[in-house]
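Take a look at the structure below.
Residue numbers (the working numbering), protein chains in the order written: chain W, 1 to 257; chain H, 1001 to 1072.
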């Protein structure tokens, strides 16, 4: 069978599940859940070092960036200026070129500010970054992001951390049809069935944080999401039957007693 | 304490008093920061980590030291 890799900015990945590293009880729980999820890419945030308490463990001590690709994220940024500053610092830490851009516009629903997002994508792309962009599901804005050189289009399924699943299936279908770079559902996944649905719609990957980190059993949910993504992808590739309102018997009529 | 030999700097939003002729390298050593796991900004400009010993701090300098933490 042909190897079915996820390809982002000419890097290949076997897993189509990208996971966040936030909201876990502690770093060990986070590291264990990620291992179970099989993810090869994890999102991370850039924040100030705690200069008064040096005993606090570092993320890099638990998750080895040589084994799992860190995807620095601009979570919490509300302006293009802050997002650019954050990602330039991220690049300085370890030379990462593939980054996640997230410029928020509303503190309550955490929807992206698409004007600032587009501006930032243009600047970052010119600076040599490979930008995976958190965005809304508007096909026109997504097209503009793609034309600006985005390395992946990452529309939300629903508000970040909401667990509501894919709200606007029509737009995601249109996006699947028009998008040439990887299309990744970022934000809003709650259950395994949401992940299956995204993959069955032909999305290239899903990005999940809260649904795993805040599940009663994050380890079991990590495995569930891993299997859901594999299952959904295989289902998409298999060419499902055309739904029909008529029944079609599974057993032959011939030889019926 | 001779105030003439001291300068005030702000590191990650916290006020610190250090000696004059204090380099960024001295600061990183004082804070015991794992240099390969952080990025440093001096007055909103990213600093080349190879040149830390050549950069001396001035009064009211603002330094930001950041690293990766868990996030979505």
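Glycine is no exception: its CB is placed at the ideal position from the N, C-alpha and C atoms.
Which residues, in order along the stretch 1048–1069 of chain H, keep a beta-carbon less than 9 Å from a beta-carbon of chain W?
When CB distances to chain W are screened at a threshold of 9 Å, the residues of the stretch 1048–1069 of chain H falling below it are 1048, 1049, 1064, 1065, 1066, 1067, 1068 and 1069, in chain order.
Is residue 45 (chain W) near residue 151 (chain W), with beta carbons less than 8 Å apart?
no
Thinking C-beta only, is residue 103 (chain W) closer than 8 Å to residue 74 (chain W)?
yes
Can you name the start and end residues of the beta strand (DSSP E) that residue 135 (chain W) belongs to?
130–135
Just tell me which of W:58, W:31, W:108 and W:134 has its CA closest to the CA of residue 1033 (chain H).
W:58
Could you tell me the alpha carbon to alpha carbon distance between residue 15 (chain W) and residue 245 (chain W), rounded to whole angstroms?
36 Å
Chain-order list of residues whose beta-carbon lies under 8 Å from that of residue 56 (chain W) (same chain, five-residue window excluded)
50
Are the C-beta atoms of residue 189 (chain W) and some chain H residue less than 8 Å apart?
no
Determine the contact status of residue 1046 (chain H) and residue 101 (chain W), defining contact as a CB-CB distance below 8 Å.
no
Checking 8 Å against the spacing of the C-beta atoms, do residue 37 (chain W) and residue 226 (chain W) come in under that value?
yes
Can you tell me whether residue 1038 (chain H) is buried or exposed? The criterion is at least 16 other CB atoms within 10 Å of its CB, across all chains shown.
buried
Along chain W, in chain order, which residues have C-beta atoms closer than 7 Å to that of residue 1038 (chain H)?
49 and 93
Is there at least one Cβ from chain H nearer than 8 Å to residue 142 (chain W)'s Cβ?
no
For residue 230 (chain W), verify whether its CB is less than 7 Å away from any heavy atom of the ligand COA.
The ligand COA is not part of this structure, which contains no ligands at all.
Mapping DSSP to helix, strand and coil, what is residue 1019 (chain H)?
strand
Can you name the start and end residues of the alpha helix (DSSP H) that residue 62 (chain W) belongs to?
59–62
If you run the structure through DSSP and keep just helix, strand and coil, what is residue 43 (chain W)?
In the structure shown, residue 43 (chain W) sits in a strand (DSSP, three-state: E or B).
C-beta neighbour in chain H for residue 203 (chain W), strict 8 Å:
no
If you draw a straight line from the alpha carbon of residue 115 (chain W) to that of residue 153 (chain W), how long is it in whole angstroms?
Their Cα atoms are separated by approximately 15 Å.
With a threshold of 16 other CB atoms inside 10 Å of the CB of residue 252 (chain W), please say whether the residue is buried or exposed.
exposed
Which residues does DSSP list as the beta-bridge partners of residue 1056 (chain H)?
H:1023
Nearest candidate by alpha-carbon position, reference residue 159 (chain W), set W:133, W:122 and W:108
Looking at the Cα atoms, W:108 is the closest of the given residues.
Which residues DSSP lists as bridging residue 177 (chain W), in chain order:
Residue 177 (chain W) pairs with nothing; no bridge assigned.
Counted within 10 angstroms of its Cβ, other Cβ atoms place residue 177 (chain W) as buried (16 or more) or exposed:
exposed
Just to confirm the assignment, what range does the beta strand (DSSP E) spanning residue 1035 (chain H) have?
From DSSP, residue 1035 (chain H) is part of no beta strand (DSSP E); its letter is neither H nor E.
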